[in-house]
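*Asks:* Residue numbers (our numbering): 33 to 774.
Note that beta-carbon positions come from the ideal geometry of N, C-alpha and C, so glycine has one too.
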């Protein structure tokens, strides 16, 4: 046998009918998986017959199905179509996986399971896919190997039917439909998942809808009427046709309306906002768009599957750039289906037909490749889903191998879980994966019509598999938002459902993590251990005319409040800047008066420095609650002095400037991989090397937003976590010290 890469026309349709070979009837053992009738060519005299040999694991065969569907609609009163599934692997020999593939691809004509290759051998087939045309007298008129023969096949069918009509041999009756449904279940072939802190969004492709759900599978809302169509509307009034990919940015939900060849945008409240794209292969047009992702700037990336490319649109739908062509070289694609953006802005593309995942810089420069074709760990077969964990690891739905695999940011294999089956923790053609801010992995288990939820290391937690009318059937995509909702594309119901997340894992007991605990048991607070999606953003050494106004403008543009640790002499020198910080809702804190190295001073001078810094801020009309020593020179004695002034000492979990100094290009992505809920982030608004930090500050804020981490003040973090009255310097009873990086 040869594979699907061989293409060609092996029988000339121009041969006269009397010279054509008679088509052999099908073997008696050949039975249809979706119809009770047996395949019999003599019973089809008077009709043209199209017979195609395929395998559901062959991407070229899937492409052929779309061409066959067009012919089926055009020649419904004169053409009979018969599919013959010839397995490429032993696991494909059973009727059940073939039937699932038939329903997943909306096949409505008879399909037989040629498990032992009897019909394959009888017709001399040696490649997937192969298409035969049989004339109205039962003779083989043409044979086509591969895909892409639509126009030639169309012309041949038209000629065969015209010839039969001329000789009064044609039968004008519509072919009967063959349809054996999947069991009614919550999901029908789910294709995509997107997870946030409290919600899960699933493209329930088999139901032609998107569901917003709780993490426990409880359906909150659905987008789409459940009937395939092309119309705009609110929530259940919208029309989808086999929706797949999902993405969330801010309060907007983006849906790849695959069958309609467009991208749709909805508000978080369910109102339709916009749609762009139209079916085709020209600039900005889409053919079977399967995946969608949104970057920090609001630009939208689309996996234009049938055109073998990726398109980037602006937030208002303007085409910015496109890249890719059909092929297997780096930067080329074979039916890309899913997209994911890592914290630094690089794009991962599930290059499904090439059995790999590619990584690109913004703009389309390929940088690395994950996986190779095969069944071993680290190898991939038809990957159809990709997501990125907080640590930069890449989670892949290895659809053809019925498992989930995890790779590092450097493309090294990390772990895998799952195998074929219907038991908990097993999969049947997993179509998509999503990762929520807590690290849970959601898998759209399409063949089993359910969602499964795992820990980040692959430990099974729960699943959603209901049988109510609102249940999911064939979920094709799943996504989560920062509000904790789960959105599900319910493709066969042409809708989107929304579920509420809850009870996935026990809540974390909140506690303080201390900075440099070897200096003193609780000299300074570095972070708070919490599940709340908050981080404290702080700036030291200001105010300064050079940098503080820029920082304030950036924060205002994104509605972010932070804590500014002021040097007293600069607050006295630039009081208007300090008052602007107060007016904008920021928090002022003490960073001494002269910015000295406190540990080199006697105790009385240490005390004077802290007191002078406090007084400089009090002259602005506010009293500081927090203190941070310059240069990170902490001691128990210094913290006790601050405590006597009513100020708790604050350290940090990560320093933006240090990441930027080490790596100006990838510093922010590296920091985002390490930041956790409850972290205290240190930046500066008064140092010479700050130009780079100001330039990357928008990227940091946008990256935190993608991670569903909301920046706030130190006071805001302490209040939200129950540590409003916290004290340091040995004055915090009942709080066990812990390392800052825990």
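On the three-state DSSP scale, how would you describe residue 103?
*Replies:* helix
*Asks:* When DSSP labels each residue in this structure, what does residue 727 get in the three-state scheme?
*Replies:* helix
*Asks:* How big is the Cα-Cα spacing for residue 132 and residue 460?
*Replies:* In a straight line, the C-alpha of residue 132 is about 10 Å away from that of residue 460.
*Asks:* Hey, quick one: how far does the beta strand (DSSP E) through residue 711 stretch, first residue to last?
*Replies:* Premise fails: residue 711 is in no beta strand (DSSP E) and is neither H nor E.
*Asks:* Can you tell me the Cα-Cα spacing of residue 619 and residue 302, whole angstroms?
*Replies:* 36 Å
*Asks:* Tell me whether residue 262 is buried or exposed, calling it buried when 16 or more other Cβ atoms sit within 10 Å of its Cβ.
*Replies:* With a pLDDT of 49 at residue 262, under the threshold of 50, the predicted position of this residue should be treated as unreliable, though the coordinate-derived value follows. Per the 10 Å Cβ criterion, exposed.
*Asks:* Once you ignore the five residues that flank residue 300 on each side, which residues in its own chain have a CB closer than 6 Å to its CB?
*Replies:* 283
*Asks:* Should residue 129 be labelled buried (16 or more other beta-carbon atoms within 10 Å of its own) or exposed?
*Replies:* buried
*Asks:* Just confirm the distance between the C-beta atoms of residue 657 and residue 679, as a whole number of angstroms; I'd bet it's less than 8 Å.
*Replies:* 6 Å
*Asks:* Near residue 413, which residues of its chain fall below 6 Å by C-beta distance, leaving aside the five closest residues on each side in sequence?
*Replies:* 387, 432, 433
*Asks:* Can you tell me the Cβ-Cβ gap for residue 105 and residue 127, rounded? I've got them flagged as a contact below 8 Å.
*Replies:* About 27 Å separates the two Cβ atoms, so there is no contact after all.
*Asks:* Among 623, 164, 95, which one has its Cα closest to the Cα of residue 139?
*Replies:* 95
*Asks:* Alpha carbon to alpha carbon, what distance is there between residue 661 and residue 364?
*Replies:* When rounded, the distance between both Cα atoms is 53 Å.
*Asks:* Quick one: Cα of residue 287 to Cα of residue 142, how far?
*Replies:* 32 Å
*Asks:* So residue 78 and residue 199 are supposed to be a Cβ contact under 8 Å. How far apart are they, rounded?
*Replies:* Their Cβ separation, rounded to whole angstroms, is 11 Å, which puts residue 78 and residue 199 out of contact at 8 Å.
*Asks:* List the endpoints of the continuous alpha helix (DSSP H) containing residue 670.
*Replies:* 668-676
*Asks:* For residue 35, count the other beta carbons within 10 Å of its own beta carbon; 16 or more makes it buried, fewer makes it exposed. Which is it?
*Replies:* Note on residue 35: pLDDT 44, under 50, position unreliable in the model; the coordinate value appears next. Classification of residue 35: exposed, given that the 10 Å Cβ count is below 16.
*Asks:* Could you compute how far the alpha carbon of residue 196 sits from the alpha carbon of residue 273?
*Replies:* If I take the Cα positions, the gap works out to 36 Å.
*Asks:* Could you check if residue 743 is buried or exposed, using at least 16 other CB atoms within 10 Å of its CB as the buried criterion?
*Replies:* buried
*Asks:* Which ranges does the beta strand (DSSP E) cover as unbroken runs of at least 3 residues, wholly within the segment 413-447, from first to last along the chain?
*Replies:* 415-420, 426-430, 435-439
*Asks:* Helix, strand or coil for residue 458, going by three-state DSSP, please let me know.
*Replies:* Residue state, collapsed to three classes: coil.
*Asks:* Are the CB atoms of residue 478 and residue 687 within a distance shorter than 9 Å?
*Replies:* In this structure, residue 478 does not lie closer than 9 Å to residue 687 by Cβ.
*Asks:* What are the uninterrupted segments assigned as alpha helix (DSSP H) that are 4 or more residues long and contained completely in the segment 140-171, given in chain order?
*Replies:* 150-154
*Asks:* Alpha helix (DSSP H) containing residue 383: first to last residue?
*Replies:* Counting along the chain, residue 383 falls outside any alpha helix (DSSP H), though it belongs to the beta strand (DSSP E) covering 379-383.
*Asks:* For residue 372, count neighbouring Cβ atoms within 10 angstroms of its own Cβ and tell me buried if that reaches 16, exposed if not.
*Replies:* Burial call: buried.
*Asks:* Could you tell me whether the segment 553-566 touches the segment 688-702, using the rule of 3 or more Cβ pairs below 8 Å?
*Replies:* Touching, no.
*Asks:* Output the distance between the C-alpha atoms of residue 550 and residue 275, rounded to the nearest integer angstrom.
*Replies:* Any reading at residue 550 needs caution, since the residue's pLDDT is 43, under 50, leaving its predicted position unreliable; the model's value is listed next. Rounded to the nearest angstrom, the two C-alpha atoms are 55 Å apart.
*Asks:* For residue 447, which residues in the same chain have their Cβ closer than 8 Å to its Cβ, ignoring the five residues on either side in sequence?
*Replies:* Excluding sequence neighbours, residue 447 sits near 437, 438, 489, 490.
*Asks:* With a cut-off of 8 Å, do at least 3 Cβ pairs link the segment 57-65 to the segment 147-161?
*Replies:* yes
*Asks:* Under the rule that 16 or more other beta-carbon atoms within 10 Å means buried, what is residue 424, buried or exposed?
*Replies:* buried
*Asks:* Between residue 316 and residue 241, what straight-line distance do the alpha-carbon atoms span, to the nearest angstrom?
*Replies:* 24 Å
*Asks:* Report yes or no: do three or more beta-carbon pairs, one from the segment 574-584 and one from the segment 710-718, lie closer than 8 Å?
*Replies:* yes
*Asks:* Mapping the DSSP letters down to three states, classify residue 476 as helix, strand or coil.
*Replies:* Assigned with DSSP and collapsed to three states, residue 476 falls in strand.
*Asks:* Nearest-angstrom Cα distance between residue 338 and residue 752?
*Replies:* 48 Å
*Asks:* Considering only the beta carbon of each residue, do residue 312 and residue 293 sit closer than 9 Å?
*Replies:* yes
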